[in-house]
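Each remark here refers to the structure printed beneath this line.
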Amino acid sequence: MKVLLNGEPFATDAKNLDELCARLGFAEAKIATALNGSFVAAASREVTPLTDADEIEIVAPRQGG
Amino acid sequence: MLTLYGAQFTSRLLLGTAHYPSPECLQQAVEASGAQIVTVSLRRESARARTGQGFWALIEELGCRVLPNTAGCRSAKEAIATAKMARELFGTNWIKLEVIANDDTLQPDLFGLVEAAAALTEDGFEVLPYTTEDLSAAERLVAGGCAVLMPWAAPIGSARGLINKDALKTLRAYFPDTPLVIDAGIGTPSHAAEAMEMGYDAVLLNTAVAKAGDPVKMAQAFAKAVEAGRLAFEAGLIEPRDMASPSTPVAGTPFFKIDHAS
Numbered sequence: 001m002k003v004l005l006n007g008e009p010f011a012t013d014a015k016n017l018d019e020l021c022a023r024l025g026f027a028e029a030k031i032a033t034a035l036n037g038s039f040v041a042a043a044s045r046e047v048t049p050l051t052d053a054d055e056i057e058i059v060a061p062r063q064g065g
Numbered sequence: 066m067l068t069l070y071g072a073q074f075t076s077r078l079l080l081g082t083a084h085y086p087s088p089e090c091l092q093q094a095v096e097a098s099g100a101q102i103v104t105v106s107l108r109r110e111s112a113r114a115r116t117g118q119g120f121w122a123l124i125e126e127l128g129c130r131v132l133p134n135t136a137g138c139r140s141a142k143e144a145i146a147t148a149k150m151a152r153e154l155f156g157t158n159w160i161k162l163e164v165i166a167n168d169d170t171l172q173p174d175l176f177g178l179v180e181a182a183a184a185l186t187e188d189g190f191e192v193l194p195y196t197t198e199d200l201s202a203a204e205r206l207v208a209g210g211c212a213v214l215m216p217w218a219a220p221i222g223s224a225r226g227l228i229n230k231d232a233l234k235t236l237r238a239y240f241p242d243t244p245l246v247i248d249a250g251i252g253t254p255s256h257a258a259e260a261m262e263m264g265y266d267a268v269l270l271n272t273a274v275a276k277a278g279d280p281v282k283m284a285q286a287f288a289k290a291v292e293a294g295r296l297a298f299e300a301g302l303i304e305p306r307d308m309a310s311p312s313t314p315v316a317g318t319p320f321f322k323i324d325h326a327s
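Here the protein sequences come in this chain order: Y and Z. Using the working numbering, the first residue of the first sequence is number 1, and each one after it goes up by one. Using the working numbering, the first residue of the second sequence is number 66, and each one after it goes up by one.
Structural data, given as structure tokens:
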């Protein structure tokens, strides 16, 4: 399926959000996630299935004012 | 002592973490400023660069309280989702709530801000809203549960200082018991001192330090200005007057004569 990962087209067959994060090397990383504009808690990623055209955000700490 | 949502701080200067020439400079500037609260954001993480992981290690070393923002959000919905991601990421209920209305002025969308502030408060957040000096917006934010207000001095990064002092004074007068933090638009230490002299509880700034010729020295300058301004406020400022008033006693002035001719 094709999803939009952080605003970019991305092909994946990950079954859920947790699997996608793990495949990207984020299993132990300090990240937070959102799916289609809504926050998805870390504990809920495994039970959050992915479907075609999903919009996924994976964010991490960054400088800010 | 500065008290924000029950947490106490000896420093009344909050510092942003963006735009420093190097990570080392950021660390040194934060130390020099004495700031106990630093603002951070969250941004898209690349699987290859993993920029955020290194930055987080740096922030943890500072030992400061972290205040995450929702910078760049253009709607209440975006800000709410971002705040929830920030809460999980940074492990804090604090959120510097920004809902931006205009890219040129970066002015807050007050309607979206009020909506998001109420929803986030309901969800257990402790909201520090980046707002304007508008009194009616402030009233609605407080009614929605905000126990701290953060009005701008001027547009973010503009370095123009307190451009609407009358309204900022009004805000201070209307909310004597609500911590008020000047957030954004401060360019010089004297701007910060002026805000503190007006009775504002704290100042939040970033660009004025980060983009200074010597950010570490400028951090020190702001720390001193904020402290001086607060001391002046506590000491009680004299009222300005139109005409002169001699500071040296008039009585006993040598050569003084009463003009009997007139």
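Each residue gets a CB set at the ideal place from its N, CA and C atoms; glycine is no exception.
Neighbourhood of ILE145 of chain Z by C-beta, 7 Å cutoff - its chain only, sequence neighbours within 5 removed: Sequence-distant Cβ neighbours of ILE145 of chain Z in its own chain, meaning closer than 7 Å and more than five residues away, are ALA181, ALA184, LEU185.
Three-state secondary structure assigned by DSSP to LEU302 of chain Z: Residue state, collapsed to three classes: coil.
Cβ neighbours of TYR102 of chain Z in the same chain (closer than 7 Å, five flanking residues each side left out): Per the sequence shown, the amino acid found at residue 102 of chain Z is Ile instead of Tyr. Around ILE102 of chain Z: PHE74, LEU79, CYS129, ARG130, LEU132.
Close Cβ partners of GLY294 of chain Z (< 8 Å) along its chain, the five nearest in sequence each way excluded: Excluding residues within five positions, the ones whose Cβ falls inside 8 Å are ALA257, ALA258, GLU259, ALA260, MET261, GLU262.
Interface flag, ALA42 of chain Y vs chain Z, CB-CB below 8 Å: Yes, because at least one Cβ of chain Z sits closer than 8 Å to the Cβ of ALA42 of chain Y.
Neighbour list for ARG62 of chain Y in chain Z, Cβ cutoff strictly below 8 Å: VAL105, SER106, LEU107, ARG108, THR116, GLY117, PHE120, listed in chain order.
Beta-carbon neighbours of LYS30 of chain Y, restricted to chain Z and to distances below 8 Å: One finds GLY117, GLN118, TRP121, LEU154 in chain Z with Cβ atoms closer than 8 Å to the Cβ of LYS30 of chain Y, taken in chain order.
PHE120 of chain Z to ARG62 of chain Y span [Cα, whole Å]: The alpha-carbon of PHE120 of chain Z is positioned some 6 Å away from that of ARG62 of chain Y.
Of the residues Z:ARG108, Z:LEU206, Z:ALA249, the one placed nearest PHE240 of chain Z, counting alpha carbons only: Out of Z:ARG108, Z:LEU206, Z:ALA249, Z:LEU206 has the C-alpha closest to the C-alpha of PHE240 of chain Z.
Straight-line gap, PRO216 of chain Z to GLY81 of chain Z (C-alpha atoms, nearest Å): Rounded to whole angstroms, PRO216 of chain Z and GLY81 of chain Z show a C-alpha spacing of 16 Å.
Whole-number beta carbon distance between LEU20 of chain Y and LEU35 of chain Y, since they are thought to touch under 8 Å: Contact between LEU35 of chain Y and LEU20 of chain Y fails: their C-beta atoms lie close to 10 Å from each other, not under 8 Å.
For ASP307 of chain Z and ILE58 of chain Y, the rounded distance between their alpha carbons: Per the coordinates, the alpha-carbon of ILE58 of chain Y lies some 60 Å from the alpha-carbon of ASP307 of chain Z.
CA nearest to the CA of SER106 of chain Z, picked from Z:THR68, Z:ALA218, Z:GLN118, Z:GLU299: Comparing Cα positions, the closest option is Z:GLN118.
Extent of the continuous beta strand (DSSP E) run through ASP248 of chain Z: Looking at the DSSP string, the run of the beta strand (DSSP E) that includes ASP248 of chain Z is 246-248.
Where ILE251 of chain Z meets chain Y, residues with beta-carbon distance less than 8 Å: Per Cβ cutoff of 8 Å: no residues; ILE251 of chain Z is ~11 Å from chain Y at best.
Residues bridged to TYR195 of chain Z (per DSSP): In DSSP, TYR195 of chain Z forms a bridge with Z:MET215.
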